[in-house]
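Notes for the one structure printed next.
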Amino acid sequence: MIIRTTTAIGVALAALAGASLGAGEARAETTLTIVSWGGAYTMSQQKAYHEPYMKMHPDVTIINEDKSQTALAGLRAQHQAGNVSWDLVDILPSDALVACDEGLAEKIDYNEMLAAAPDGTPPTQDFIDGSLTGCFIPQIVYSNIVAFNTEMYPGQAPTTMADVFDLESFPGRRSLQNKPVNNLEWALAADGVPAGEIYEMLATPEGVERAFNKLETIKDETIWWEQGAQPPQLLADKEVSFASAYNGRIFNAQVNEGQPFQIIWDAQVFELDGWVVPAGGKNKDVVYDYLKFATDTQRLADQAKFISYGPARKSSAPLVGEHAETGIDMKPHMPTYPENFKTAIPKDDTFWADYGDELAERFAAWLAS
Amino acid sequence: MAEPIPVSANGAPGTPGATDTPDDDVSSLKARLRRAERRRRLTAMLLVAPLFAFLLVSFLIPMGDMLLRSVDNWQIPNVLPNTVERIAAWDGEALPEEAVYAAMAADIRAGKESGEIGKAATRLNYEVSGARSLFNKTRRRIERIEPPYKAALIDIDRRWGQPDIWQAIKRESGPYTASYYLAAADLTYNAEGEVVAVPEYRQVYVELFIRTIWMSLAITGLTILLGYPVAYLLANLPLRYSNLLMILVLLPFWTSLLVRTTTWITILQSQGVINDILVWLGLIATDERLQLIHNKIGTMVAMTHILLPFMILPLYSVMKTIPPSYMRAARSLGATPLTAFVKVYLPQTVSGVGAGSILVFILAIGYYITPALVGGETGQFISNFIARHMLVSLNWGLAAALGSMLLAGVLVLYLVYNKLVGIDNMKLG
Amino acid sequence: MITKLPPYASPLERVWHSAYLLFCAAVFVFLIGPILVIVPLSFNAEPYFTFTKEMISFDPDGYSLRWYKDFLENELWLFSIKNSFIVAIVSTILATSLGTLAALGLASSYMPYRTLVMSLLISPMIVPLIISAAGMFFFYSSIDLAHTFPGVILAHTALGVPFVVITVTATLIGFDRNLIRASQNLGASPTTTFFKVILPLVTPGVVSGALFAFITSFDEVVIVQFVAGPEQRTVPLQMWSGIREQISPTILAVATLLVCISIALLTVLELLRRRTERLRGLSPG
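Residue numbers (full-length UniProt numbering), protein chains in the order written: chain S, 1 to 369; chain D, 1 to 429; chain U, 1 to 285.
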């Protein structure tokens with residue numbers, strides 16, 4: 001018995017030692033926790049940014065956290081709890097604005113902290129005009145679109161946003177994101193509101209009512225997704241016929257997995273996406289070094305080889321060419337390709353910064369009822 | 001049942017006491033007995049003490065912290081001290097006077113420095129939609145404004161010229177608030193400060209509580225329906241068969257909750273096993289596949305599967321104690337099988353059904369993982385909204401209020417369970 | 001015997017009886033079927049959660065080990081496994097030692113407020129996990145324990161303790177106190193009695209309590225979502241984000257492995273139960 005007890009204590013001590021060793025190991029080198037959107041998008045960052053950086057700096061390990069969907073909430077939570085465990089966060093510009101206002105993100109001195117273009121153009125002139133808002137460092141231009149599985153509609157294929165809301169001509173389930181953003185815009189666009197008047201209308205109670213009423217018409221046929229990786233999966237499994245998605249995810253499924261998906265570019269809602277550095281993070285020096293590398297002209301152009309998102313630097317645009325694995329021309333897959341861009345809706349960040357909370361609350365109650 | 005044993009070394013019977021003398025009278029014997037008892041009580045308490053202290057820190061204080069948070073209102077009095085002081089004199093009817101506006105401007109300036117103003121703004125946003133964007137907008141412009149502040153603030157945003165934001169500040173200027181509990185019951189204050197229902201399009205929690213309860217009841221009912229016959233079979237089979245079949249009950253019990261939920265996703269989805277079989281059998285056409293997941297059906301089926309062992313095991317342990325001779329006696333006295341079962345067997349299993357039902361129901365109403373993964377939007381439970389407010393909307397006060405209400409319900413059921421079964425008799429596996 | 005009817009049973013009784021057995025069989029299929037379904041699916045050659053045509057026709061091309069390979073080559077999964085074991089082992093040791101001591105105290109009839117104390121000690125098992133998670137997150141954040149290993153271990157120990165308390169108390173209550181008297185009459189010291197008589201008899205209770213505590217921690221996915229940070233990512237957390245975010249059949253491969261672990265634990269428990277019965281059978285009275 002005594003022998004057994006000793007063994008038990010030995011095991012306990014070994015385990016404790018293992019625990020402290022494990023914790024020590026993680027700290028001996030720098031571990032950067034980078035929060036992003038998961039799936040094909042994180043993969044493109046992994047290939048274009050993380051892997052080359054880790055090769056240059058073997059003492060740095062990068063952990064991906066797929067929490068960008070709730071990035072602002074996460075930043076607030078960590079700030080309120082006084083425990084910031086994220087080092088760099090991939091975030092939407094409207095959320096970045098709020099994070100900057102609330103002191104959750106570090107202010108960035110763009111010309112000082114970021115790399116100039118190869119021809120020496122400073123960052124403030126190289127990034128897309130008006131996109132540098134204090135804390136936000138843009139990476140890409142992407143688009144929210146609705147796609148469908150062509151096998152579900154062998155006859156006449158849907159082409160417009162109105163078709164997405166037309167259950168009679170195009171029966172089958174839909175999948176939309178469980179947030180008001182994009183859905184309200186699309187509901188109005190499908191109801192015949194021109195792209196230029198959508199936000200004006202959404203700022204009025206009647207406009208919001210009209211949008212919700214339009215969404216109500218397809219609510220019973222809709223599955224609500226939460227993570228960017230879900231829509232391509234739902235489409236591939238034929239759980240749904242239509243799904244809203246980030247255009248790059250659909251591109252990835254089309255090209256890398258050979259899925260029979262088609263994008264409806266009508267009423268695409270396009271915007272930027274980029275980084276913020278959480279205030280109070282622990283590895284600032286490494287983060288800024290990484291940031292300078294990951295947002296230079298070549299790296300942004302490299303990312304566009306893996307996923308169909310446009311680089312946010314003007315100097316990167318000419319470097320975008322062919323898909324890294326299949327060699328197809330990336331241009332017709334970009335949101336900004338003229339054919340795709342005709343009825344595009346630019347996302348209004350100020351609108352969502354002002355009305356986002358209220359609409360999110362109402363949307364959640366509407367979903368649950 | 002054997003009496004509990006005194007297990008500690010120095011509490012063991014026969015240990016000679018220090019004051020042991022051979023010719024003690026009765027009173028000193030009593031005193032010695034009392035001393036010995038005190039010592040044993042102390043030993044027992046000392047043995048329990050480490051765990052108790054541990055749970056106090058790791059669990060009980062956190063629970064108290066949560067209860068406190070559901071009424072805590074530190075943000076407004078702490079971040080807006082000047083405004084709170086000035087607004088006390090306001091009658092709440094017309095707009096407040098210049099002094100209140102000046103105090104607000106001073107508070108926003110001070111709060112901007114410390115970064116705290118966002119917290120007050122967030123807190124007020126729960127009372128008045130849009131308060132957060134109002135404060136953020138004002139903060140960006142606060143350095144540029146000059147007195148008179150009333151005109152200046154209204155100039156920044158016309159919402160400063162409406163009484164509702166001021167009424168909310170006046171109402172919520174104390175250190176505690178009831179508004180999280182009101183919100184958890186779909187109630188709010190109107191302009192006159194009376195408690196009223198929130199607009200219909202924002203009502204959600206009452207319906208959710210009701211849904212959580214009725215779905216948990218339905219799941220409990222299903223587990224009785226499926227569990228009772230199986231428990232009866234297990235209890236009446238010879239041991240070598242029942243042990244084998246028992247493994248079929250225990251394996252799911254020991255399998256990870258996430259694993260079991262995942263399997264239900266693969267089984268119930270449109271292209272899943274059930275739909276595939278139905279299509280293959282020709283019962284449905286391939287474009288008419290049934291929607292079995294992301295709705296109430298998904299939640300019910302998966303949770304019934306997950307909770308079934310919690311019904312079978314207590315039923316089994318009760319049925320095991322019922323001698324089969326009772327039923328035989330009833331039969332030989334001329335009762336039909338049905339009568340014998342209803343009049344003789346069933347009444348003896350009521351305690352098992354009760355124990356199993358409360359256990360399953362308690363577990364069901366707190367479920368979070370399974371509804372989140374297979375429930376879609378209509379199969380969500382109250383726990384999912386608590387998680388939402390914890391992780392997404394960050395309304396921790398409301399999460400705490402909803403949590404406290406759920407906790408109160410569970411504790412009442414726990415007491416009933418305790419009375420009915422006794423925690424000593426709780427069995428595992 | 002229940003599976004056989006007496007020869008004088010009426011035809012109606014026979015039909016009813018067969019229907020009953022059929023029903024029970026269906027319930028057993030319902031219980032065990034879903035767990036078995038994932039095993040073949042985890043060998044799916046395609047990246048989806050459903051049976052492909054090749055799989056149904058038992059074409060070897062429809063099956064592959066790619067998801068197991070994917071799992072073993074993925075650093076995140078290996079990292080989570082390491083974390084899960086660290087957390088589960090340390091919290092099991094803590095829960096078992098604290099819980100066994102407390103159960104020894106609770107089994108004493110001299111323990112004051114026994115029922116109340118017992119109810120409090122068991123409460124972490126009763127309180128819905130989401131509520132425990134919320135409370136722990138608030139409090140642990142305020143004392144800098146959120147997003148640390150000690151925080152996660154503390155939380156999991158609290159969850160595991162009730163199981164140890166219940167199983168050990170149950171062993172002690174069914175305990176024949178004459179054994180102790182006998183040991184003392186035979187001249188054993190209290191210490192010898194504890195180690196030679198009490199401990200061997202409660203060991204099965206302690207071990208099964210420890211197994212419960214281990215599996216509770218190893219499976220736990222609600223509290224870690226709040227209390228664990230990215231460096232404490234555990235297997236269930238990785239699975240959870242896998243199911244919700246990056247859906248891939250690697251999840252099914254992991255699930256299959258977890259089922260194997262469950263089977264192993266169940267076997268150990270069953271052996272323990274038999275051992276207890278044997279020991280009890282030997283004891284007088």
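Cβ coordinates follow ideal geometry from the N, Cα and C atoms, glycine included.
Best match in the options for proximity to residue i [C-alpha to C-alpha]
{"i": "S:T188", "options": "S:R173, S:G207, S:F170", "result": "Going by the sequence as given, residue 188 of chain S is Leu instead of Thr. That would be S:G207, whose Cα lies nearest to the Cα of S:L188."}
{"i": "S:A115", "options": "S:W225, S:K292, S:T217, S:T61", "result": "S:K292"}
{"i": "U:V90", "options": "U:I35, U:P150, U:G99", "result": "U:P150"}
{"i": "U:R66", "options": "U:S84, U:A45, U:L271", "result": "U:A45"}
{"i": "D:S216", "options": "D:Y368, D:G115, D:A401, D:I142", "result": "D:Y368"}
{"i": "D:N386", "options": "U:I130, U:I32, U:D61", "result": "Reading off the sequence, residue 386 of chain D comes out as Ile, not Asn. Residue U:I130 is the option with its Cα nearest to D:I386."}
{"i": "S:A117", "options": "S:F363, S:V320, S:S316", "result": "S:S316"}
{"i": "U:L104", "options": "U:T171, U:E270, U:M55, U:I122", "result": "U:T171"}
{"i": "residue 290 of chain U", "options": "D:F341, D:V198, D:I274, D:G352", "result": "Examination of residue 290 of chain U is not possible in this model, given that chain U is present from 1 through 285 alone."}
{"i": "S:N144", "options": "S:I250, S:T217, S:S241", "result": "S:I250"}
Any chain S beta carbon closer than 7 angstroms to residue i
{"i": "D:P16", "result": "Interpretation of D:P16 is limited by its pLDDT of 45, a score under 50 that renders its predicted location unreliable; the figure taken from the coordinates is listed afterwards. Closer than 7 angstroms: no."}
{"i": "U:T171", "result": "no"}
{"i": "U:R244", "result": "yes"}
{"i": "U:S248", "result": "no"}
{"i": "U:S141", "result": "yes"}
Amino acids of chain U, ordered along the chain, whose beta-carbon sits closer than 7 angstroms to that of residue i
{"i": "S:S85", "result": "H147, G229, P230"}
{"i": "S:I63", "result": "P230"}
{"i": "D:S216", "result": "Here the premise fails: no neighbours, minimum Cβ distance about 11 angstroms."}
{"i": "S:T33", "result": "P230"}
Cutoff 7 angstroms: residue i Cβ touching any chain U Cβ
{"i": "D:M303", "result": "no"}
{"i": "S:L21", "result": "Here the model assigns S:L21 a pLDDT of 40, short of 50, so the residue's position is not dependable and the matter cannot be decided."}
{"i": "S:T222", "result": "no"}
{"i": "D:L51", "result": "yes"}
{"i": "D:A364", "result": "no"}
{"i": "S:A81", "result": "yes"}
{"i": "D:S70", "result": "no"}
Own chain residues within Cβ distance below 6 angstroms of residue i, not counting five before or after
{"i": "D:T370", "result": "T261, A302, M303"}
Listed by chain order, chain S residues near residue i by CB distance under 8 angstroms
{"i": "D:V204", "result": "A364, A365, A368, S369"}
{"i": "U:T267", "result": "Here the premise fails: no neighbours, minimum Cβ distance about 20 angstroms."}
{"i": "U:T50", "result": "D237"}
Sequence-distant residues of its chain with Cβ nearer than 7 angstroms to residue i (five each side left out)
{"i": "D:I312", "result": "G227, V230, A231, V249"}
{"i": "S:E185", "result": "I198, V269, I345"}
{"i": "D:I265", "result": "I293, L373, V374"}
{"i": "S:L21", "result": "In this predicted model, S:L21 has a pLDDT of only 40, less than 50, meaning its place in the structure is not dependable; the value taken from the coordinates is given anyway. Nothing listed; no residue qualifies."}
{"i": "U:N83", "result": "Q232, R233, T234"}
Contacts that residue i makes with chain U (C-beta to C-beta distance below 9 angstroms)
{"i": "D:P199", "result": "Within chain U, no residue comes near D:P199; the closest Cβ sits about 28 angstroms away, beyond 9 angstroms."}
The ligand ADP heavy atom lying under 6 angstroms from the CB of residue i
{"i": "S:C100", "result": "Because no ligand of any kind appears in the structure shown, any question about the ligand ADP cannot be addressed here."}
Amino acids of chain S, ordered along the chain, whose beta-carbon sits closer than 7 angstroms to that of residue i
{"i": "U:S241", "result": "D66"}
Cβ of residue i within 7 angstroms of any chain D Cβ
{"i": "S:R76", "result": "yes"}
{"i": "U:I35", "result": "yes"}
Interface partners of residue i on chain D, CB under 8 angstroms
{"i": "U:D219", "result": "S256, L257, L258"}
Interface residues of chain C facing residue i [CB-CB closer than 7 angstroms]
{"i": "S:D357", "result": "The structure shown contains no chain C; its protein chains are S, D and U."}
Proximal residues of chain U, C-beta to C-beta of residue i below 8 angstroms
{"i": "S:T30", "result": "Within 8 angstroms Cβ-Cβ: nothing; S:T30 doesn't reach chain U, min ~12 angstroms."}
Residues of its chain near residue i, where Cβ-Cβ distance is below 8 angstroms and the 5 sequence neighbours each way are ignored
{"i": "S:G196", "result": "none"}
- Assess, as a yes-or-no matter, whether the segment 188–197 of chain D is touched by the segment 406–425 of chain D under the definition of 3 or more beta carbon pairs within less than 8 angstroms. Cβ pair count under 8 angstroms is below three, so no.
- Touch check for the segment 97–104 of chain S and the segment 112–131 of chain S: three-plus C-beta pairs under 8 angstroms? As far as the Cβ criterion goes, the segment 97–104 of chain S does not touch the segment 112–131 of chain S, which means the pair count is below three.
- Query: Is the segment 366–386 of chain D touching the segment 202–212 of chain D, taking contact as three or more C-beta pairs under 8 angstroms?
  - Reply: Yes, the segment 366–386 of chain D touches the segment 202–212 of chain D.
- Query: Per the contact definition of three or more C-beta pairs closer than 8 angstroms, is the segment 87–101 of chain U in contact with the segment 150–170 of chain U?
  - Reply: Look at the beta carbons and you see the segment 150–170 of chain U touching the segment 87–101 of chain U: at least three pairs across the two are nearer than 8 angstroms.
- Message: Within 8 angstroms, do at least three Cβ pairs link the segment 212–228 of chain U to the segment 126–141 of chain U?
- Response: Inter-segment contact for the segment 126–141 of chain U and the segment 212–228 of chain U is present: three or more beta-carbon pairs are separated by less than 8 angstroms.
- Message: So, does the segment 30–50 of chain D touch the segment 110–127 of chain U, judging by three or more C-beta pairs under 8 angstroms?
- Response: Segment contact: the segment 30–50 of chain D against the segment 110–127 of chain U, three or more CB-CB distances shorter than 8 angstroms; contact assigned.
- contact_flag[the segment 266–284 of chain S, the segment 75–94 of chain S] where n(CB pairs < 8 angstroms) is 3 or more: Contact holds: three or more Cβ-Cβ distances are below 8 angstroms.
- Between the segment 91–103 of chain D and the segment 306–321 of chain S, do three or more beta carbon pairs fall short of 8 angstroms? Cβ pair count under 8 angstroms is below three, so no.
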